[in-house]
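All remarks here apply to the structure that follows.
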Amino acid sequence: MHHPLTFFPYILIFAAFARSAHPMSLRDKRRYIIHLLYDIPAYILVITFKLLNNPLNSLYSQITTYCYLGCLPTHADVETLNNIGIKYVVNMCAEYYGPRKTYAKYNIKQLRLPTIDCTLPSLQSIEKAIKFMNEAYINNEKIFVHCKAGMGRSATIVLCNLVANEKMSTDDA
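What follows is the structure in structure tokens.
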């Protein structure tokens, strides 16, 4: 359990920002603070692990013949994705747009479904992802699904895909 004083700097920053005269709604201010205090440091950590070749932070894991799950790719990772045959990418990050120009260079389609970290994708996002992934299956193309770390939002989409497009039971998925 964290000591209550651990959260003091965060509470202080939020209180100062929430009381400011900035025209943002309180909800948007909260999201902005979370982005500053959580998303940016987490993103820096992911990139640092990539630069250090940390084995706990591999780019992808192959789930099925056509479906791969992983962490956010950088511009340098797109060539690797292309080399394994990825032509469709589902990006679940609200905090990261993805290397769009590099995807275009390799003719990789990206579907971005911005979902805040540590939250579940909406039903609408799941339906869009399943439809997009089904298009890849019809075209016999490989799909890469990612969020920041490849463990929460993206894993949820992959599980839904296994049931919807791979026709697995929920127990097998």
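The sequence shown begins at 1189 in our numbering and counts up one residue at a time.
Every residue gets a Cβ at the ideal spot worked out from N, C-alpha and C, and that includes glycine.
Since this is a predicted model, take the numbers as computed values, not measurements.
When the beta-carbon positions are compared, Asn1279 and Ile1318 stay at least 9 Å from each other. With contacts defined by Cβ atoms closer than 9 Å, Cys1335 and Cys1255 do not form a contacting pair. Of the other Cβ atoms in all chains shown, 16 or more fall within 10 Å of the Cβ of Cys1281; this residue is therefore buried.
DSSP, read as helix, strand or coil, puts Leu1311 in helix. The beta carbon of Leu1299 sits closer than 6 Å to the beta carbons of Val1278 and Phe1320 from its chain, once the five residues preceding and following it are set aside; these are given in chain order. Taken atom to atom, the span from the alpha-carbon of Ala1352 to that of Tyr1325 is near 12 Å. For the pair Glu1354 and Thr1236, the Cα-to-Cα distance works out to about 35 Å.
Around the CB of Gly1286, 16 or more other CB atoms lie within 10 Å, so the residue is classed as buried.
Taking a 10 Å sphere around the C-beta of Asp1265, we find 16 or more other C-beta atoms and assign the residue as buried.
When the five nearest sequence neighbours on each side are left out, the beta carbons in the same chain lying within less than 8 Å of the beta carbon of Thr1252 are those of Leu1350 and Glu1354, in order along the chain. The secondary-structure analysis by DSSP pairs Ile1345 with nothing; it has no beta-bridge partner.
In this structure, DSSP gives Asn1271 a helical state, which the three-state scheme calls helix.
It is roughly 13 Å from the alpha-carbon of Ile1304 to the alpha-carbon of Ala1337. For Tyr1248, the enclosing beta strand (DSSP E) covers residues Tyr1248 to Gln1250.
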